[in-house]
Amino acid sequence: MLKIENLHVYFGGIHALKGINFDVPEGKIITLIGANGAGKSTTLRTICSLVKARNGKIKLKDEEITNIAPELIVKRGVALIPEGRKIFPNLTVRENLEIGAFIRSDREGITKDREWVCELFPRLKERLWQKGGTLSGGEQQMLAVARGLMSRPKLLMLDEPSLGLAPLLVKEIFEIIQRIHEEGITVLLVEQNAFAALKIADYAYVLETGRVVLQGTGQELLGNDQVKKAYLGE
Amino acid sequence: MSLNLILQNLANGLSLGSLYALISIGYTMVYGILRLINFAHGEIFMLAPYFLYYGVLIFHLPWWASFLVAILLTAVTGIVSERVAYRPLREAPRISVLISAIGVSYFLQNLAIVVFSGIPKSFHRPNFFKTIFQFGEIRIQSTLIASVIVSTIFLIILIYIIYKTKTGLAMRSISVDIETSRLMGVNVNRTISFTFAIGSALAAVGGILWGLRFPQIYPLMGMMPGLKAFIAAVVGGIGNVPGAMLGGFLLGMVEILYVAFLPALSGYRDAFVFSILILILLFRPEGILGKKVQEKV
Ligand SMILES: Nc1ncnc2c1ncn2[C@@H]1O[C@H](COP(=O)(O)OP(=O)(O)O)[C@@H](O)[C@H]1O
Ligand SMILES: [Mg+2]
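Protein sequences, first through last, are from chains A and B. Under my numbering, think of the first position of the first sequence as 560, with each following residue one higher. Under my numbering, think of the first position of the second sequence as 19, with each following residue one higher.
#1: Quick check on Val204 of chain B: does DSSP put it in helix, strand or coil?
#2: Tell me whether Glu155 of chain B is buried or exposed, calling it buried when 16 or more other Cβ atoms sit within 10 Å of its Cβ.
#3: With a threshold of 8 angstroms between beta carbons, is Cys677 of chain A in contact with chain B?
#4: Could you check whether Gly255 of chain B and Gly308 of chain B sit closer than 8 angstroms to each other, using their CB atoms as the reference points?
#5: For Pro237 of chain B, count neighbouring Cβ atoms within 10 angstroms of its own Cβ and tell me buried if that reaches 16, exposed if not.
#6: Quick one: is Leu694 of chain A near chain B, going by C-beta distance under 8 angstroms?
#7: Using CA coordinates, which residue listed in A:Ile589, A:Phe647, A:Leu591 and A:Val786 is at the minimum distance from Ala705 of chain A?
#8: Ser710 of chain A touches chain B at which residues, Cβ-Cβ below 8 angstroms?
#9: May I ask you to check if the CB of Ser721 of chain A is nearer than 7 angstroms to at least one heavy atom of ligand 2?
#10: What whole-angstrom Cβ distance do Tyr71 of chain B and Lys139 of chain B have, given they're in contact under 8 angstroms?
#11: Only counting the same chain, and skipping five residues up and downstream in sequence, which positions put a Cβ closer than 8 angstroms to that of Ala29 of chain B?
#12: For the region 179-190 of chain B, list every residue whose C-beta sits within 8 angstroms of some C-beta in chain A, in sequence order.
#13: Flag Ala753 of chain A as yes when its Cβ comes closer than 7 angstroms to any non-hydrogen atom of ligand 1, and as no otherwise.
#14: Would you please verify whether the beta carbon of Val704 of chain A is less than 8 angstroms from any beta carbon of chain B?
#15: Taking 7 angstroms as the cut-off, is the beta-carbon of Ser600 of chain A closer than that to any non-hydrogen atom of ligand 1?
#16: So which residues of chain B does Gly659 of chain A contact, with C-beta pairs closer than 7 angstroms?
#17: Counting only Cβ-Cβ distances shorter than 7 angstroms, please list the residues of the region 659-674 of chain A near chain B, keeping chain order.
#18: Please confirm whether any heavy atom of ligand 1 lies closer than 7 angstroms to the CB of Gly578 of chain A.
#19: Tell me whether Asp718 of chain A sits in a helix, a strand or coil according to DSSP, three-state version.
#20: Between Trp675 of chain A and Lys611 of chain A, what straight-line distance do the alpha-carbon atoms span, to the nearest angstrom?
#21: Hey, out of A:Ile573, A:Pro681 and A:Arg653, whose CA is closest to Ile669 of chain A's CA?
#22: Helix, strand or coil for Gln312 of chain B? Go by DSSP, reduced to three states.
#23: Taking only beta-carbon positions, decide if Lys599 of chain A is within less than 8 angstroms of chain B.
#24: Straight-line CA distance for Gly224 of chain B to Arg108 of chain B?
#25: Buried or exposed, going by whether 16 or more other CB atoms sit within 10 Å of the CB of Gln778 of chain A?
#26: Would Gly596 of chain A and Glu564 of chain A be called neighbours here (beta carbons separated by less than 8 angstroms)?
#27: For Gln127 of chain B, collect the residues of the same chain with a Cβ closer than 7 angstroms to its Cβ; drop the 5 residues on either side in sequence, then sort them by chain order.
#28: Say yes only if the C-beta of Asn595 of chain A is nearer than 7 angstroms to one or more non-hydrogen atoms of ligand 1, and no if none qualify.
#29: Under 8 angstroms, with one C-beta from each stretch per pair, do the region 201-220 of chain B and the region 86-99 of chain B reach the 3-pair mark?
#30: Rounding to the nearest angstrom, what Cα-Cα distance links Val315 of chain B and Leu79 of chain B in this structure?
Written out as structure tokens, the structure reads:
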């Protein structure tokens with residue numbers, strides 16, 4: 560579904576991505592893991608065109624989407640749930656969901672999907688009329704995921720959805736990701752919580768200072784000594 | 019002071035305030051989205067009565083048609099000013115955009131002097147707007163009533179657009195986070211153009227009503243109403259649309275009542291209004307309805 564070829568990104572003089580290659584096949588959960596500053600967020604942001612690629616190609620279903628306008632990416636069925644949630648604090652929960660569906664005009668479909676995400680996240684349902692800014696951290700993360708789903712993406716990219724959440728909520732978020740995946744949505748998951756991510760991933764890539772240094776199935780990497788030492792704290 | 023006189027002044031204050039309210043929307047909406055004080059907004063306001071004047075005089079349009087054409091042309095001027103002078107500076111430091119806005123302001127003033135000449139023109143008023151209504155002892159010019167009615171209608175339409183339409187949703191979302199709004203598929207440039215169009219159209223309505231009330235138009239006529247509407251926006255809480263409306267009505271009322279109660283000091287009415295700005299900035303910089311601003315990073 561998504562193919563990244565030799566992707567290079569610079570911030571001024573900083574060479575943040577140094578020729579990254581990876582694949583996200585349709586219907587799979589793929590994860591990118593790596594330490595802070597490895598370039599995970601930059602990778603997702605470049606796919607969404609929020610950051611411009613200097614070199615390399617991003618292909619979605621064999622069509623090149625490198626550096627097109629960010630607002631066109633979501634129209635092609637790719638949604639990013641950004642690091643730090645980035646929900647709109649001044650909009651109500653309902654309006655946050657509505658803006659998630661901004662590219663759509665099928666009123667009925669939107670209403671149906673709102674019911675669907677409310678079913679996935681019952682806590683949002685009770686808070687539809689509350690301002691996004693008044694939600695707790697966990698609820699904001701759920702809202703961010705729900706908002707992303709409202710565009711009906713084919714590929715959902717999540718940037719550290721478990722960051723800063725209590726262990727119970729982390730578990731819940733990972734369960735939700737699996738449920739979303741079972742609905743037929745392809746998932747590209749970025750995590751520092753390598754253990755949880757590898758457990759649900761079909762295939763994983765390890766990023767280190769702008770390069771892919773290791774790859775394999777989730778199971779393989781969970782058993783890999785290097786990964787164990789660097790990311791699983793064993 | 020008799021009750022009638024008080025009512026008379028309240029009516030005057032309300033109608034002046036409705037004009038400030040119309041103009042201050044443009045300041046507050048543009049600030050809300052771009053964190054820019056659009057110094058050229060007073061000039062946008064000034065252009066509208068000129069467009070109307072020439073629409074009637076040269077093109078012999080019926081006045082209601084030139085009213086619409088003038089609003090449309092003013093909105094287009096607002097859109098173009100953003101395209102030409104602000105958009106290329108979107109990533110530049112804020113001070114550059116501010117300077118650019120001052121440039122647009124002087125440019126439009128001087129362009130108006132060259133094209134329309136600096137000599138004040140007397141503004142054609144349809145007869146209806148010369149009528150004076152008598153309510154008991156109170157005499158009210160029809161323009162005053164028209165200002166209040168017309169601006170209330172436009173302000174209601176505006177509230178509807180901002181809080182009930184998709185474009186309004188996009189405006190509110192880009193006012194807090196442009197990048198995430200783009201992730202949602204919001205076309206930021208188009209939304210900003212729309213914001214300038216609305217702000218300028220409302221200023222145009224205000225400018226035309228202003229011309230009907232004070233039927234002399236000249237290229238510098240936008241400066242003082244522009245400044246005061248800006249103060250109204252700050253008083254209400256800049257970036258906050260209901261705040262700008264409230265600030266506009268309050269300021270108009272305060273200004274008229276000041277003149278009414280202290281006629282001997284009426285020459286200081288502008289100084290009085292500016293001291294309100296200073297006091298607000300000192301003691302409640304976020305304005306009446308504004309929230310404490312968090313610097314965007
Ligand atoms: N906007 C930016 N400007 C300058 N440098 C940046 C910017 N965003 C990221 N970087 C740099 O790029 C590298 C990768 O960052 P990031 O993709 O955020 O890492 P991760 O998400 O893996 O923690 C880091 O060295 C970071 O400092
Ligand atoms: Mg990151």
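From the three backbone atoms N, C-alpha and C, an ideal C-beta is built for every residue, glycine too. It should be emphasised that the depicted structure is a prediction, and the values quoted were computed from it without experimental measurement.
Once the coordinates are examined:
#1: coil
#2: exposed
#3: no
#4: yes
#5: buried
#6: no
#7: Scanning A:Ile589, A:Phe647, A:Leu591 and A:Val786 for the CA closest to the CA of Ala705 of chain A turns up A:Phe647.
#8: Met202 and Gly203
#9: no
#10: 6 angstroms
#11: Non-local beta-carbon contacts of Ala29 of chain B in its own chain, meaning distances under 8 angstroms to residues more than five positions away in sequence, involve Ile156, Ile158 and Leu162 in chain order.
#12: Lys184, Leu187, Ala188 and Arg190
#13: no
#14: No, no contact with chain B.
#15: yes
#16: Met202
#17: Gly659, Phe661 and Ile662
#18: no
#19: strand
#20: 34 angstroms
#21: A:Arg653
#22: Below a pLDDT of 50, predicted positions are generally treated as unreliable, and Gln312 of chain B, at 49, falls in that range; no measurement from the model is reported.
#23: no
#24: So the alpha carbons of these two residues sit roughly 28 angstroms apart.
#25: Looking at its Cβ environment, which holds fewer than 16 other Cβ atoms inside 10 Å, Gln778 of chain A is exposed.
#26: no
#27: Take Gln127 of chain B, set aside five residues on each side of it, and the residues of its chain with a beta-carbon closer than 7 angstroms to its own are Glu61, Pro237 and Leu238, in chain order.
#28: Under cutoff, so the answer is yes.
#29: yes
#30: Caution applies to Val315 of chain B, whose pLDDT of 35 falls short of 50 and renders its modelled position unreliable; the value that the coordinates give is listed next. Approximately 50 angstroms between the Cα atoms of the pair.
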